[in-house]
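First the structure, in the form of structure tokens, and then the observations on it.
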Amino acid sequence: MVKSSRPAPGACRLAAIAAAACLLPLAAGAQQGDGTNVPVTGHVYKPDKAPATPQRIASLKVPPGFSVTPFAQGLGNPRILAVAPDGTVYASRREEGDVVMMKDTDGDGRADGTPQVVLNRAGALGLAIRDGKLWLVTVKELFVADLQPDGRPGPLKMLLGDLPDSGQHPNRTMAFGPDGMLYLSVGSTCNACNESNPENATLLRVSPDGKSRTIFASGLRNTIGFDWHPATGELWGMDHGIDYLGDDVQQEELNRIERGQQYGWPHVWGEGGLNPQSTPVGGISKPQWKAMSRPMTLGYTAHAAPMQMLFYTGSAFPAEYRNDAFVALRGSWNRKPASGYEIVRIRFAQGGQPQRIEPFVSGFVNEDDATHFARPVGLAMARDGALLMADDANGVIYRIAYTGIAGRPAPAAAATPAQPVQAPAQAMQAQVAQGNNVPLALARPQAQASGRIEVRSGSIPAGGDIPLRHSEYADGVSPSLAWTAVPGARSYAVIVEDPDASPIKPFVHWVAWNIPASVTHLPEGLQEQPRLKDPEGLLQGKTTRGSTGWYGPRPPVGDPPHAYHFQVLALDTVLDLPPGSDRDAVLAAAQGHVLARGELVGRYAQQQQPLK
């Protein structure tokens, strides 16, 4: 077990780079040629696969009183697991491109007969079950199907077909939060790079019908495993660390994931280590990026590759396991000795804070002969309270059960198996309520002013239609915008909002500030990044979508025209805010400094589905 408060071996070597980087000016330019010179010692190490023999399974290390037995075998490439309320087990198989269904009707801890293929979709991976429906996510598509009485899904309905391309991390996973929304993980396309699509390396928040979709949190390289604490309702996730930094760097990260927060990747790792491989865009320095990011809460051995995660809410394990989390660790290729190839337990204190990470089931890899017989991926709680773990190497689903020890027998089987505990929704609801159902910026006290500004656009007539190219159904380029100069102004700010959106209103489409006083015109097609080189000093913040820069109109197809308010503020100061701040932070900082204000209103509607 490795705590985050203790630097991993080799981290001090990178800490020297971090310290040197802190001496750079905050407005430093691109960091190519900044003197970085970091030696890295690492390995490409892939233990050979061995058969899952009874002898090997018997050699697994588990806490006293626990046993590990096969639940199903011969499955090929099982990945993600989901269990329906009636106990039916579903496993996605990415290599086969399908979903298989299993049942244990006689309660002997083994699946009945041969697993049945019930769905076929290329790249099938993430699964979620709620209200008698099964959701399935592939690399780019999200589907839903009604579950029939026999457990088979009915016809699939596509809800989304434009998730980002995958690159290095195609493993989309998802789970329903206590707020009833679907949370969907989209990994990065690379090891460490500036993504061109802001939805990569994020956790998305999606309505069950697919009509609403925002970025909940960013800077997450590949958070396949996440779940909500059963007592606090807080969201926790295990993120994959960066490769090529050495055998012991970067640790795998346990993060408390909150709306609107950024978690460091690709420029910052762990508790604040700076990645020597990367360079932020727009002249943002790595210390600035660090200040914009949340550090990890706990760390675990580097290159262990965390996969599916769950909080234990059953009653079949001893009471001290309840409300602790389990994570399957698949193991990586970038470390020797190998790490991962195990299930770990995250111990949480009664108040909901994680204390440490420790092995729970280990021994799937043998360093003596450099072999492994399982690579853990899927993890789920069976209806009887046992854990199920999917191995995508030898195609086995294992059952981890508590069988008891002297003086502490296993609990008697309940007549009616308990259903999974639903985490309280207050924590998530409070986060998503921030900035929702509030007045438009110009109607709020922070933006009051006696002066007036005339705002115009070269492509949007006052009260007229916004051209298709500015929408997210087409090019998604920002429109040109101009305004009258205000005497005494030291900077300008732009806030664009849609009050007709739902369920989040108003929906923020653009936040920009510290536009130099000499600039009263923004050209079409500005860069969508936190800091611009031209106009120099212009900073951009997060939209309601969760991305930075202009996010064009994207009302649901068939909605009446939405109104988009292009609001401009003239300020007597330059705002002291970090790049990536949101609308509310800009308005709070601007209060008492607004000399004049004005707006242009344009309208947009999408009456038919765009061609793919």
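All residue numbers for the sequence shown refer to the numbering used here, where the first residue is 4 and numbers rise by one.
For glycine and all other residues, C-beta sits at the position ideal for the given N, C-alpha and C.
None of these values were measured; they are calculated from a predicted model.
*Enumerate in chain order the residues of its own chain whose CB-to-CB distance from Thr523 is below 8 angstroms, with the five nearest sequence positions on each side excluded.*
Reading the sequence shown from its first residue, position 520 is the one you call residue 523. Ala485, Trp486, Thr487, Ala488, Tyr495, listed in sequence order.
_Local conformation of Val435 per DSSP, three classes_ = Translated into positions along the sequence shown, residue 435 becomes position 432. Three-state result, Val435: helix.
*What's the C-alpha gap between Pro470 and Thr205?*
Position 467 of the sequence shown, counted from the start, is the residue given in the question as residue 470. Position 202 of the sequence shown, counted from the start, is the residue given in the question as residue 205. In a straight line, the C-alpha of Pro470 is about 30 angstroms away from that of Thr205.
*For the alpha helix (DSSP H) that Lys289 lies in, which residues bound it at each end?*
Here residue 289 is taken as the residue at index 286 of the sequence shown, counted from 1. Run containing Lys289: 289 to 294, per the alpha helix (DSSP H) assignment.
*Using a threshold of 7 angstroms, state whether the C-beta atoms of Trp553 and Ser462 are closer than that.*
In the sequence shown, the residue the question calls residue 553 occupies position 550. In the sequence shown, the residue the question calls residue 462 occupies position 459. In this structure, Ser462 does not lie closer than 7 angstroms to Trp553 by Cβ.
_Per DSSP, cross-strand counterpart(s) of Glu531_ = Within the sequence shown, the letter at position 528 stands for residue 531. Bridge partners of Glu531: none, in fact.
*Using beta-carbon positions only, say whether Gly286 and Ile260 come within less than 7 angstroms of one another.*
Stepping through the sequence shown from its first residue, residue 286 is reached at position 283. Stepping through the sequence shown from its first residue, residue 260 is reached at position 257. Against a cut-off of 7 angstroms, the Cβ pair of Ile260 and Gly286 comes out as no contact.
*For Ser342, which residues from the same chain have a beta carbon less than 6 angstroms from its beta carbon, with the 5 sequence-adjacent residues on both sides left out?*
By one-based count along the sequence shown, residue 342 stands at place 339. Same-chain partners within the cutoff: Thr304, His306, Ala307.
*Tell me whether Gln34 sits in a helix, a strand or coil according to DSSP, three-state version.*
What you label residue 34 is simply residue 31 of the sequence shown in a count that begins at 1. Reliability of the predicted coordinates at Gln34 is poor, the pLDDT of 47 falling under 50, and the value obtained from them is presented with this limitation in mind. Reduced to three states, the DSSP call for Gln34 is coil.
*Which ranges does the beta strand (DSSP E) cover as unbroken runs of at least 3 residues, wholly within the segment 133 to 218, from first to last along the chain?*
136 to 140, 145 to 149, 160 to 163, 176 to 179, 185 to 189, 205 to 209
*Among Glu370, Asn258, Pro564, which has the Cα closest to the Cα of Lys52?*
As a position in the sequence shown, residue 52 is number 49, starting the count at 1. The residue with the shortest Cα to Cα distance from Lys52 is Glu370.
*Counting Cβ pairs closer than 8 angstroms, one from the segment 377 to 395 and one from the segment 85 to 104, do we hit at least three?*
yes
*For Val47, is the classification buried or exposed, using 16 other Cβ atoms within 10 angstroms of its Cβ as the cut-off for buried?*
Residue 47 sits at position 44 when you count from the first residue of the sequence shown. Exposed is the call here.
*Taking only beta-carbon positions, decide if Pro490 is within less than 7 angstroms of chain D.*
The chain labelled as chain D is not found in the depicted structure, where only one protein chain is given.
*asked:* Taking the alpha helix (DSSP H) that Leu590 belongs to, which residues open and close that run?
replied: Locating residue 590 in the sequence shown gives position 587, counting from the first residue. Here the alpha helix (DSSP H) through Leu590 covers 586 to 593.
_Sequence-distant residues of its chain with Cβ nearer than 8 angstroms to Asp327 (five each side left out)_ = In the sequence shown, counting from the first residue as 1, residue 327 sits at position 324. Contacts found: Phe314, Tyr315, Arg348, Ile349, Arg350, Phe351.
*So is Lys289 buried or exposed if we call it buried at 16+ other beta carbons inside 10 Å?*
By 1-based counting over the sequence shown, the position of residue 289 is 286. That one is buried.
*asked:* Starting from Pro75, trace the alpha helix (DSSP H) in both directions and tell me its first and last residue.
replied: Residue mapping note: residue 75 aligns to position 72 of the sequence shown, counting from 1. For the sequence presented, residue 75 should be read as Ala rather than Pro. Per DSSP, Ala75 belongs to no alpha helix (DSSP H); it is in the beta strand (DSSP E), 69 to 75.
_For Pro196 and Thr406, what's the separation of their Cα atoms in angstroms?_
Working through the sequence shown from its first residue, we reach residue 196 at position 193. Working through the sequence shown from its first residue, we reach residue 406 at position 403. The question names Pro, yet the displayed sequence has Cys at residue 196. Taking the straight line from one Cα to the other gives about 47 angstroms.
*Take Ala125 and list the residues in its own chain whose beta-carbon comes closer than 7 angstroms to its own, dropping the five residues that flank it on each side.*
The count along the sequence shown starts at 1 and reaches residue 125 at position 122. So the qualifying residues of the chain are Gly100, Thr141.
_Is Arg534 close to the ligand GTP? I mean its beta-carbon at under 6 angstroms from any heavy atom of the ligand._
With respect to the ligand GTP, the structure offers nothing, as it holds no ligand at all.
*May I ask you to list the residues that DSSP assigns as paired with Gly317?*
For the purposes of this step, residue 317 is identified with residue 314 of the sequence shown, where counting begins at 1. Gly317 is not bridged to any residue.
*Tell me whether Pro448 sits in a helix, a strand or coil according to DSSP, three-state version.*
Sequence index remark: in the sequence shown, residue 448 carries index 445 (1-based). Here Pro448 sits in helix by DSSP.
*Classify Leu122 as helix, strand or coil using the three-state DSSP reduction.*
Locating residue 122 in the sequence shown gives position 119, where the first residue counts as 1. Leu122 falls in the strand class under three-state DSSP.
*Return the CA-CA distance between Ala608 and Arg386, expressed in angstroms with no decimal places.*
Stepping through the sequence shown from its first residue, residue 608 is reached at position 605. Stepping through the sequence shown from its first residue, residue 386 is reached at position 383. If I take the Cα positions, the gap works out to 47 angstroms.
*asked:* I need the straight-line Cα distance from Asp165 to Gly213, nearest angstrom please.
replied: What you label residue 165 is simply residue 162 of the sequence shown in a count that begins at 1. What you label residue 213 is simply residue 210 of the sequence shown in a count that begins at 1. Roughly 11 angstroms separates the two Cα atoms.
_Between the alpha carbons of Gln358 and Leu301, how many angstroms are there, rounded?_
Locating residue 358 in the sequence shown gives position 355, counting from the first residue. Locating residue 301 in the sequence shown gives position 298, counting from the first residue. C-alpha separation (whole angstroms): 8 angstroms.
_Beta-carbon proximity check, Tyr266 vs Leu207, cutoff 7 angstroms_ = The residue labelled residue 266 in the question sits at position 263 within the sequence shown. The residue labelled residue 207 in the question sits at position 204 within the sequence shown. The answer is no: Cβ separation not under 7 angstroms.
*If you draw a straight line from the C-alpha of Asn397 to the C-alpha of Gln119, how long is it?*
Translated into positions along the sequence shown, residue 397 becomes position 394. Translated into positions along the sequence shown, residue 119 becomes position 116. About 18 angstroms.
*Taking C-alpha atoms, which residue in Trp292, Phe219, Pro283, Val252 lies nearest to Arg262?*
If you number the sequence shown from 1, residue 262 lands on position 259. Per the Cα distances, Phe219.
*Please list, in chain order, all residues of the same chain as Gly68 whose beta carbon is under 8 angstroms from its beta carbon, the five residues on each side excluded.*
If you number the sequence shown from 1, residue 68 lands on position 65. Pro321, Tyr405, Thr406, Gly407, Ile408, Arg411, Ala413.
_Tell me which residues share the same chain as Asp153 and place their Cβ nearer than 6 angstroms to its Cβ, disregarding the 5 neighbours each side in the sequence._
Along the sequence shown, one-based indexing puts residue 153 at 150. Result list for Asp153: empty, nothing under 6 angstroms.
*asked:* Just to confirm my understanding: we take Val209, look at its own chain, exclude 5 residues before and 5 after, and list those with CB closer than 6 angstroms. What are they?
replied: Reading the sequence shown from its first residue, position 206 is the one you call residue 209. If we look at Val209 and ignore the five residues flanking it on each side, its Cβ neighbours are Leu185, Leu187, Arg216.
*Mark Ser460 as exposed unless 16 or more other C-beta atoms lie within 10 angstroms of its C-beta, in which case mark it buried.*
Mapped onto the sequence shown, residue 460 falls at position 457. Its Cβ being crowded by 16 or more others within 10 Å, Ser460 is buried.
*Ignore the nearest five residues each way along the sequence and tell me which others in His243's own chain have a CB closer than 7 angstroms to its CB.*
Along the sequence shown, one-based indexing puts residue 243 at 240. So the qualifying residues of the chain are Arg224, Asn225, Glu255, Ala308, Pro309.
*Excluding the five sequence neighbours on either side, which residues of its own chain have a C-beta within less than 6 angstroms of the C-beta of Pro340, listed in chain order?*
In the sequence shown, residue 340 corresponds to position 337, counting from 1. The answer, listed in chain order, is Glu370.
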